[in-house]
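Student: Using the UniProt record's numbering, you'd call the opening residue of the sequence shown number 1 and step up by one each time.
Below is a structure I'd like to ask you about.
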Amino acid sequence: MSDDGERNSDPDRATSLPIPLVQKTSPPAADPAAPAPSVIIPSAPSLPTPSAPAPSAPISSDVAPSDPQRITALPIPLTRPAQTVRPPATPPTAGPTDAIAQAEESATAATAATAATATEPLLRIRDLTLAFTEQGVRRGVLDRVGFDVPRSATVALVGASGSGKSLTALSILGLLPRLATLERGTVQLGDQDLRALSERELCKVRGGKIGMVFQEPATSLNPVYTVGTQIGEAIQLHAPVSRGAARRQAIDWLRRVGFSEPERQVDSYPHELSGGMRQRVMIAIALAPGPSLLIADEPTSALDMATQAQILTLLGALRADLGLSLLLIAHDLALVATLADDLVVLYAGRVVERGPAARVLHAPAHPYTQALLRSVPPIGRSAYRVRGERRPPLPTLGGALPDPRTVLTGCNFQDRCPQVFDRCRSEPPALSPTRHSAHRAHEAHEARCFLVEGARAEESARVQEAP
Ligand SMILES: Nc1ncnc2c1ncn2[C@@H]1O[C@H](COP(=O)(O)OP(=O)(O)OP(=O)(O)O)[C@@H](O)[C@H]1O
Ligand code: SF4
Ligand SMILES: [Mg+2]
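In structure tokens form, the structure reads like this:
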């Protein structure tokens with residue numbers, strides 16, 4: 001064993017983990033008088049013992065420079081305990097028949113509550129409005145941003161550089177930069193209003209219920225501590241486990257994220273690992289405390305194409321196996337297309353389109369989303385190559401994001417929109433359901449464009465006129 005123990009015991013050491021680490025907390029003592037909660041938020045996934053047989057679900061991995069032949073796998077079943085439903089405690093005065101009737105009633109109520117909770121989104125963001133104020137000048141960055149992250153689903157938040165993706169993530173976690181003010185909006189995680197929490201309570205949520213993976217693992221990991229120490233520290237901050245148990249869990253987590261020799265690699269320092277492996281460590285740190293939501297902010301943009309695909313595959317596999325919700329932030333629509341259940345497109349701090357990924361990708365409704373999709377380079381043998389012709393250059397979007405210091409009247413895409421018309425310059429469009437939108441709320445496909453509004457109105461007029 002390494003000297004991890006000594007390092008762990010140093011309370012003053014600075015950590016470079018990306019989110020403030022919460023204080024170590026013991027689970028609250030059970031209060032027999034208190035009614036049991038009807039639904040328990042999932043806790044840390046149960047970890048198999050190191051000796052447990054490990055059925056393998058191979059996932060190819062990026063390869064460490066020191067071990068070029070390594071093929072890694074995801075060998076441990078990543079099942080998280082199912083949500084537990086407990087009926088409320090039966091009052092002690094009730095007789096046996098009453099108790100059975102009450103238990104049945106409670107069980108029915110609990111089942112109904114669970115069904116309702118299961119369909120409720122895990123994360124619900126509404127009206128997030130954020131601005132920087134520098135030298136008395138307000139610079140609006142987020143404008144009434146709203147979307148849901150359903151339970152056990154992946155939502156991709158996409159948009160150009162500077163559109164406000166990272167600040168949306170930081171607002172969820174309550175980690176605002178200096179000079180930033182969250183002027184309005186709500187962030188609801190399950191039944192918790194995160195904006196109403198104290199800093200101490202928020203600290204328990206960060207890392208504990210919401211894990212975060214950042215873009216650049218090299219700057220997020222502490223170079224002077226082994227990866228095992230850093231994963232173990234994340235575990236110990238959220239659960240009262242011994243140092244030895246934390247190390248064993250760290251080894252299991254390294255195996256889960258695709259390390260082939262975790263018992264040896266647990267004592268590696270970040271500089272001894274490739275970029276892809278460092279990002280795998282970051283994923284292990286974020287997931288080890290058992291969050292119900294993982295936010296990954298451009299987790300692959302510092303990696304080569306092959307490693308990007310591996311990391312995204314790993315994230316998708318872990319999300320599915322652990323039953324997590326994943327908010328995946330990216331500027332590359334093509335990259336996240338295969339993983340996302342829902343897409344949210346952000347442009348200059350406003351949601352311009354959102355809906356099920358398949359609908360948004362096959363029938364993009366907002367001119368900005370259409371432009372984004374047109375700019376994805378085609379791969380493989382195209383008709384041009386077959387005919388030996390030159391492929392025409394990819395269409396590009398002229399202009400730039402609007403200046404956040406100016407208050408723009410009308411649509412914020414007006415200066416770049418090929419279909420702009422008079423109304424766009426005088427009135428801001430609202431998010432409207434597209435023609436492909438479903439009535440069920442979680443399948444709604446909406447876009448912030450007057451053309452969408454118009455097409456929808458034409459469609460309903462046609463339906464009404466039809467004999
Ligand atoms: N600490 C800060 N101080 C001042 N302005 C900031 C700060 N952080 C972000 N901004 C500004 O807020 C806007 C949105 O930034 P944000 O980092 O959320 O963009 P992003 O969509 O994540 O971009 P990227 O894809 O490049 O990461 C940008 O105009 C940026 O310049
Ligand atoms: S509202 Fe007008 S400017 Fe905005 S995206 Fe639609 S057509 Fe273009
Ligand atoms: Mg960003």
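Cβ coordinates follow ideal geometry from the N, Cα and C atoms, glycine included.
Can you give me the C-alpha to C-alpha distance between residue 360 and residue 147, rounded to a whole angstrom?
Tutor: Taking the first residue of the sequence shown as 1, we reach residue 360 at position 360. Taking the first residue of the sequence shown as 1, we reach residue 147 at position 147. Going from the Cα of residue 360 to the Cα of residue 147 covers about 15 Å.
Student: Quick check: is any heavy atom of ligand 3 less than 7 Å from the C-beta of residue 297?
Tutor: Position 297 of the sequence shown, counted from the start, is the residue given in the question as residue 297. Yes.
Student: Please classify residue 319 as buried or exposed, where buried requires at least 16 neighbouring CB atoms within 10 angstroms.
Tutor: Reading the sequence shown from its first residue, position 319 is the one you call residue 319. Residue 319 is buried by the Cβ-count criterion.
Student: Any heavy atom of ligand 3 inside 7 Å of the beta-carbon of residue 171?
Tutor: Taking the sequence shown and counting its residues from 1, the one referred to as residue 171 is at position 171. No, Cβ of residue 171 sits at least 7 Å from all heavy atoms of ligand 3.
Student: State the start and end residues of the unbroken beta strand (DSSP E) segment that holds residue 217.
Tutor: Against the sequence shown, residue 217 aligns to sequence position 217. Run containing residue 217: none in the beta strand (DSSP E); it sits in the alpha helix (DSSP H), 217-220.
Student: Once DSSP output is grouped into helix, strand and coil, what is the label at residue 139?
Tutor: Here residue 139 is taken as the residue at index 139 of the sequence shown, counted from 1. Residue 139: strand per DSSP, three-state reduction.
Student: At a cut-off of 7 Å, would you count residue 445 as near ligand 2, judging by its Cβ distance to the nearest heavy atom?
Tutor: The sequence position of residue 445 within the sequence shown is 445, counting from 1. No, the Cβ of residue 445 stays beyond 7 Å of every heavy atom of ligand 2.
Student: Who does residue 159 pair with in a DSSP beta bridge?
Tutor: Taking the sequence shown and counting its residues from 1, the one referred to as residue 159 is at position 159. Bridge partners of residue 159: 346.
Student: Using 8 Å for Cβ pairs, my map puts residue 282 next to residue 220. What's the rounded Cβ distance?
Tutor: Counting from one through the sequence shown, the residue named residue 282 turns up at place 282. Counting from one through the sequence shown, the residue named residue 220 turns up at place 220. Yes, residue 282 and residue 220 are in contact; Cβ-Cβ is about 6 Å, under 8 Å.
Student: With residue 341 and residue 357 assumed to form a contact (beta carbons below 8 Å), what rounded beta-carbon distance in angstroms separates them?
Tutor: Along the sequence shown, one-based indexing puts residue 341 at 341. Along the sequence shown, one-based indexing puts residue 357 at 357. Their Cβ separation, rounded to whole angstroms, is 6 Å, which keeps residue 341 and residue 357 in contact under 8 Å.
Student: Could I get the ranges of all uninterrupted alpha helix (DSSP H) runs contained in the segment 197-277, with 4 residues as the minimum, in chain order?
Tutor: 199-205, 217-220, 227-238, 243-256 and 262-265
Student: To the nearest angstrom, how far is it from the Cα of residue 344 to the Cα of residue 244?
Tutor: Sequence index remark: in the sequence shown, residue 344 carries index 344 (1-based). Sequence index remark: in the sequence shown, residue 244 carries index 244 (1-based). Rounded to the nearest angstrom, the two C-alpha atoms are 42 Å apart.
Student: Cα-Cα, which of 216, 187, 276 and 311 is closest to residue 205?
Tutor: Against the sequence shown, residue 205 aligns to sequence position 205. Residue 187 is the option with its Cα nearest to residue 205.
Student: Regarding residue 166 and ligand 3, is the C-beta to nearest heavy atom distance less than 7 Å?
Tutor: For the purposes of this step, residue 166 is identified with residue 166 of the sequence shown, where counting begins at 1. Yes - ligand 3 has a heavy atom lying nearer than 7 Å to the Cβ of residue 166.
Student: Please return the same chain residues whose Cβ sits closer than 7 Å to the Cβ of residue 137, not counting the five positions on each side in sequence.
Tutor: In the sequence shown, the residue the question calls residue 137 occupies position 137. Excluding residues within five positions, the ones whose Cβ falls inside 7 Å are 405.
Student: Quick one: give me the first and last residue of the alpha helix (DSSP H) that residue 185 is part of.
Tutor: Sequence index remark: in the sequence shown, residue 185 carries index 185 (1-based). Taken as a continuous stretch (DSSP letters only), residue 185 belongs to no alpha helix (DSSP H), being part of the beta strand (DSSP E) at 180-189.
Student: Does the count of Cβ pairs from the segment 398-415 and the segment 303-323 closer than 8 Å reach three?
Tutor: no
Student: Are three or more beta carbon pairs between the segment 177-186 and the segment 130-145 nearer than 8 Å?
Tutor: yes
Student: In this structure, does DSSP put residue 454 in helix, strand or coil?
Tutor: The count along the sequence shown starts at 1 and reaches residue 454 at position 454. Three-state DSSP puts residue 454 in a helix.
Student: Could you check the C-alpha separation between residue 232 and residue 140 for me, to the nearest Å?
Tutor: Taking the first residue of the sequence shown as 1, we reach residue 232 at position 232. Taking the first residue of the sequence shown as 1, we reach residue 140 at position 140. So the alpha carbons of these two residues sit roughly 40 Å apart.
Student: Assuming contact is defined by CB atoms lying nearer than 8 Å, are residue 312 and residue 294 in contact in what I supplied?
Tutor: Counting from one through the sequence shown, the residue named residue 312 turns up at place 312. Counting from one through the sequence shown, the residue named residue 294 turns up at place 294. No, the pair does not count as a contact, with Cβ atoms beyond the cut-off.
Student: So, do the segment 298-309 and the segment 253-268 have three or more beta carbon pairs nearer to each other than 8 Å?
Tutor: Contact between the segment 298-309 and the segment 253-268 is not established, with fewer than three Cβ pairs separated by less than 8 Å.
Student: Quick check on residue 375: buried or exposed, where buried means 16 or more other Cβ atoms within 10 Å of its Cβ?
Tutor: For the purposes of this step, residue 375 is identified with residue 375 of the sequence shown, where counting begins at 1. Looking at its Cβ environment, which holds fewer than 16 other Cβ atoms inside 10 Å, residue 375 is exposed.
Student: According to DSSP, simplified to helix, strand and coil, what is residue 376?
Tutor: In the sequence shown, counting from the first residue as 1, residue 376 sits at position 376. Correct three-state label for residue 376: coil.
Student: Assuming contact is defined by CB atoms lying nearer than 8 Å, are residue 218 and residue 270 in contact in what I supplied?
Tutor: Indexing the sequence shown from 1 puts residue 218 at position 218. Indexing the sequence shown from 1 puts residue 270 at position 270. Against a cut-off of 8 Å, the Cβ pair of residue 270 and residue 218 comes out as a contact.
Student: For residue 288, name the three-state secondary structure that DSSP assigns.
Tutor: Working through the sequence shown from its first residue, we reach residue 288 at position 288. Residue 288: coil per DSSP, three-state reduction.
Student: Using only the alpha-carbon positions, how far apart do residue 50 and residue 209 sit?
Tutor: For the purposes of this step, residue 50 is taken as the residue at position 50 of the sequence shown. For the purposes of this step, residue 209 is taken as the residue at position 209 of the sequence shown. Confidence is the limiting factor: at residue 50 the pLDDT is only 34, short of 50, which leaves the residue's position unreliable, though a coordinate-based value still follows. Residue 50 and residue 209: Cα-Cα distance of roughly 25 Å.
Student: Grouping DSSP H, G and I as helix and E and B as strand, with all else coil, what is residue 357?
Tutor: Here residue 357 refers to the residue found at position 357 of the sequence shown. Correct three-state label for residue 357: helix.
Student: Is residue 316 helix, strand or coil when you go by DSSP?
Tutor: As a working note, residue 316 is residue 316 in the sequence shown. Three-state DSSP puts residue 316 in a helix.
Student: On the DSSP bridge list, what partners appear for residue 421?
Tutor: Against the sequence shown, residue 421 aligns to sequence position 421. DSSP lists no partner for residue 421.
Student: Does DSSP put residue 435 in a helix, a strand or coil?
Tutor: In the sequence shown, residue 435 corresponds to position 435, counting from 1. Here residue 435 sits in coil by DSSP.
Student: Let me confirm a value: residue 277 is counted as buried when at least 16 other C-beta atoms fall within 10 Å, else exposed. Which label applies?
Tutor: Within the sequence shown, numbered from 1, the residue matching residue 277 stands at position 277. It counts as buried.
Student: Given a cut-off of 8 Å on the beta-carbon distance, is the pair residue 335 and residue 370 in contact?
Tutor: In the sequence shown, the residue the question calls residue 335 occupies position 335. In the sequence shown, the residue the question calls residue 370 occupies position 370. The Cβ atoms of residue 335 and residue 370 do not sit closer than 8 Å to each other.
Student: Does residue 229 pass the burial test, meaning 16 or more other C-beta atoms within 10 Å, or should it be called exposed?
Tutor: On the sequence shown, position 229 is the one that residue 229 refers to. Flag for residue 229 reads buried.
Student: Between which two residues does the beta strand (DSSP E) harbouring residue 468 extend?
Tutor: Outside the shown range of the chain, which is 1 to 467, sits residue 468, and nothing can be said about it.
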